[in-house]
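Trainee: The opening residue of the sequence shown carries number 112 in my numbering; numbering runs sequentially from there. Glycine included, every Cβ here is placed at the ideal spot set by N, Cα and C.
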Amino acid sequence: LVPELFCWFSLSRERESQCVVQLVFVMFTVASRTSRRIACHLHYAAPLLVDPTSRLFSALPDAAETGSASTRGPLGKLWTRMSVTAQRDRAVQAECLYAAAERKTACTSWYSEGLLPRTFRAKQMVLGLHVWLLHRRLAGAQSGDCADENKLVQEHVFELLWTDATGRIRAEPDVPEMRVAKYLKSAQQLTFQSYMHYDHALSLPSREEAHSDLSTALWHHVYQSSSSVPDDAVHRLTDYVFAAHDHVMNVHSPEHWKEGRTPFPDSMLPDWSKIVDNEGKVLHVPPYDPADDPWFLPGGWLAAQTEAGERYYWHPKTRKAQWEHPDTISAA
Numbered sequence: 112l113v114p115e116l117f118c119w120f121s122l123s124r125e126r127e128s129q130c131v132v133q134l135v136f137v138m139f140t141v142a143s144r145t146s147r148r149i150a151c152h153l154h155y156a157a158p159l160l161v162d163p164t165s166r167l168f169s170a171l172p173d174a175a176e177t178g179s180a181s182t183r184g185p186l187g188k189l190w191t192r193m194s195v196t197a198q199r200d201r202a203v204q205a206e207c208l209y210a211a212a213e214r215k216t217a218c219t220s221w222y223s224e225g226l227l228p229r230t231f232r233a234k235q236m237v238l239g240l241h242v243w244l245l246h247r248r249l250a251g252a253q254s255g256d257c258a259d260e261n262k263l264v265q266e267h268v269f270e271l272l273w274t275d276a277t278g279r280i281r282a283e284p285d286v287p288e289m290r291v292a293k294y295l296k297s298a299q300q301l302t303f304q305s306y307m308h309y310d311h312a313l314s315l316p317s318r319e320e321a322h323s324d325l326s327t328a329l330w331h332h333v334y335q336s337s338s339s340v341p342d343d344a345v346h347r348l349t350d351y352v353f354a355a356h357d358h359v360m361n362v363h364s365p366e367h368w369k370e371g372r373t374p375f376p377d378s379m380l381p382d383w384s385k386i387v388d389n390e391g392k393v394l395h396v397p398p399y400d401p402a403d404d405p406w407f408l409p410g411g412w413l414a415a416q417t418e419a420g421e422r423y424y425w426h427p428k429t430r431k432a433q434w435e436h437p438d439t440i441s442a443a
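1. Between the beta-carbon of Glu283 and the beta-carbon of Phe353, is there less than 7 Å?
2. With burial defined as no fewer than 16 other Cβ atoms inside 10 Å of the residue's Cβ, what is the status of Val359: buried or exposed?
3. Taking contact to mean 3 or more Cβ pairs, one atom from each stretch, closer than 8 Å, check whether the stretch 330 to 344 and the stretch 310 to 319 are in contact.
4. Using 8 Å for Cβ pairs, my map puts Gly411 next to Pro427. What's the rounded Cβ distance?
5. Helix, strand or coil for Gln433, going by three-state DSSP, please let me know.
6. What are the boundary residues of the alpha helix (DSSP H) that Arg229 is part of?
7. If we call anything under 7 Å between Cβ atoms a contact, is His308 one with Ala328?
8. If we count the other Cβ atoms within 10 Å of its Cβ and call it buried at 16 or more, is Leu189 buried or exposed?
9. Return the chain-ordered list of same chain residues with a C-beta closer than 6 Å to the C-beta of Tyr351, the five sequence neighbours on each side being excluded.
10. Considering Cα atoms alone, identify which of Arg281, Gln300, Trp221, Gln204 is closest to Val291.
11. Let me make sure I understand the geometry here. Which of Val362, Glu213, Glu270 has the alpha-carbon closest to that of Arg201?
12. Going by C-alpha distance, which of Pro398, Gly225, Gln235 is nearest Asp388?
13. Could you tell me if Lys215 is buried or exposed, where buried requires 16 or more neighbouring beta carbons within 10 angstroms of its beta carbon?
14. Pull the bridge partners of Leu413 from the DSSP assignment, please.
15. Considering just the uninterrupted stretch of the alpha helix (DSSP H) at Arg279, what are its terminal residues?
16. State buried or exposed for Asn261, treating a residue as buried only when at least 16 other CB atoms are found within 10 Å of its CB.
17. So, under 8 Å CB-CB, Glu418 and Gly251 are touching, yes? Tell me the CB distance rounded to an integer number of Å.
18. Which same chain residues end up closer than 6 Å to Gln433 when comparing Cβ atoms and leaving out the 5 residues on each side of it in sequence?
19. Specify, as a first and last residue, the run of the alpha helix (DSSP H) that Ala205 falls within.
20. Please state the DSSP three-state secondary structure of Val393.
21. What's the C-alpha gap between His346 and Gln198?
22. Determine the extent of the alpha helix (DSSP H) in which Trp330 is found, giving its start and end residues.
23. Return helix, strand or coil for Val345, following the three-state DSSP convention.
24. Return the bridge partner residues of Val387 from the DSSP annotation.
25. From what residue to what residue does the alpha helix (DSSP H) around His380 run?
26. Is Gly251 helix, strand or coil when you go by DSSP?
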């Protein structure tokens, strides 16, 4: 309305009467629209005057509700999105889920019996694979899950993924600050391309077709199309992905999911024992030696980086975090 008033008052005096008529008409239009909006808000807010515990303002559904969009009114959805308590709970849930993916990625078997190199890309693809499993649950809206909250938690998880990737890129040697954004964009493109291939594989009608297509996608993205990796290792990784996907989607309860409990059991890992090469011979893999592992940390400690690239250490069981390096291998 203010720009219109400036326009009207800039007109000549002989058009003052016409300006007054237009001003009255605009004020009447604004008043009518405002009255309709107030009536609409009163229509939605009226149940609160009678029953403050009505479903309109339910921030969280009770146990009998399924958590779908139809179980919440407009104010309930707004409260779920904007409430400080709800935002804190979603952040804690996302951090717990992402920490579970980190712990699974930190298992040494990936980089010994699993034949993966200890490189940034290999770790990013394995970590991205487990985040994709979380994404499938968050985007799938399983029975008992809240679809609206899952979308918001999904945003938190991916934000943690990219923040962690930025810190690990900065921690890489010989990476100038001006190229961090470029490397991060490349990592994001590779990650989302792998997600498209994984989703396409699981959309195939038969299990055999899905297994074959997913094996090709894992060989291309996780093993980077390496000709030295035997088919047996790729197929075992595919079996693990199917088992982990079934556990995350169907076995992990909505209550545990809401609490952020780890969706990946500690015992669930690919079976790398007695891998055979493409000629049928058992592949000899050197036993794991912590002294040869630059990523090894004693006592179950894990390393992480801040977004600025500063490395710190945290323990998944005690939840302790510190800047100092844990005990050495000999002390452990």
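Mentor: Let me lay it out:
1. Counting from one through the sequence shown, the residue named residue 283 turns up at place 172. Counting from one through the sequence shown, the residue named residue 353 turns up at place 242. For Glu283 and Phe353, no; Cβs fall outside 7 Å.
2. Mapped onto the sequence shown, residue 359 falls at position 248. It is buried - the Cβ of Val359 has at least 16 other Cβ atoms within 10 Å.
3. no
4. The residue given as residue 411 occupies position 300 in the sequence shown. The residue given as residue 427 occupies position 316 in the sequence shown. About 7 Å separates the two Cβ atoms, so the contact holds.
5. Here residue 433 refers to the residue found at position 322 of the sequence shown. In the structure shown, Gln433 sits in a strand (DSSP, three-state: E or B).
6. On the sequence shown, residue 229 is found 118 positions in, with the first residue counted as 1. Note, Arg229: premise wrong, no alpha helix (DSSP H); not H, not E.
7. On the sequence shown, position 197 is the one that residue 308 refers to. On the sequence shown, position 217 is the one that residue 328 refers to. In contact: His308 and Ala328 (Cβ atoms closer than 7 Å).
8. As a working mapping, residue 189 is identified with position 78 in the sequence shown. With fewer than 16 Cβ atoms within 10 Å of its Cβ, Leu189 is classed as exposed.
9. Mapped onto the sequence shown, residue 351 falls at position 240. For Tyr351, where only same-chain residues beyond five positions count, the Cβ hits under 6 Å are Pro381.
10. Position 180 of the sequence shown, counting from 1, holds the residue named residue 291. When each option's Cα is compared against that of Val291, the closest is Arg281.
11. Numbered from 1 along the sequence shown, position 90 holds the residue referred to as residue 201. Comparing Cα-Cα distances from Arg201 to each of Val362, Glu213, Glu270, the minimum goes to Glu270.
12. For the purposes of this step, residue 388 is taken as the residue at position 277 of the sequence shown. Residue Gly225 is the option with its Cα nearest to Asp388.
13. As a working note, residue 215 is residue 104 in the sequence shown. Classification of Lys215: buried, given that the 10 Å Cβ count is 16 or more.
14. Here residue 413 refers to the residue found at position 302 when the sequence shown is read from its first residue. DSSP lists Trp425 as partners of Leu413.
15. Translated into positions along the sequence shown, residue 279 becomes position 168. Element bounds for Arg279: 258 to 282.
16. To locate residue 261, count along the sequence shown from 1; it is residue 150. Result: buried.
17. Counting from 1 along the sequence shown, the entry for residue 418 is found at position 307. Counting from 1 along the sequence shown, the entry for residue 251 is found at position 140. In fact, because the Cβ distance is near 30 Å, the residues do not count as touching under 8 Å.
18. As a working mapping, residue 433 is identified with position 322 in the sequence shown. Tyr424, listed in sequence order.
19. Position 94 of the sequence shown, counted from the first residue, corresponds to residue 205. From DSSP, the alpha helix (DSSP H) with Ala205 extends over 195 to 216.
20. Working through the sequence shown from its first residue, we reach residue 393 at position 282. Looking at Val393 - three-state DSSP - the assignment turns out to be strand.
21. For the purposes of this step, residue 346 is identified with residue 235 of the sequence shown, where counting begins at 1. For the purposes of this step, residue 198 is identified with residue 87 of the sequence shown, where counting begins at 1. Approximately 40 Å between the Cα atoms of the pair.
22. Counting from 1 along the sequence shown, the entry for residue 330 is found at position 219. Taken as a continuous stretch (DSSP letters only), the alpha helix (DSSP H) holding Trp330 covers 318 to 332.
23. The residue given as residue 345 occupies position 234 in the sequence shown. Three-state DSSP puts Val345 in a helix.
24. Along the sequence shown, one-based indexing puts residue 387 at 276. Answer is Val393.
25. In the sequence shown, counting from the first residue as 1, residue 380 sits at position 269. Correcting the residue type first, residue 380 is Leu in the shown sequence and not His. Here Leu380 belongs to no alpha helix (DSSP H), and DSSP marks it neither H nor E.
26. Counted from its first residue, the sequence shown places residue 251 at position 140. Helix at Gly251.
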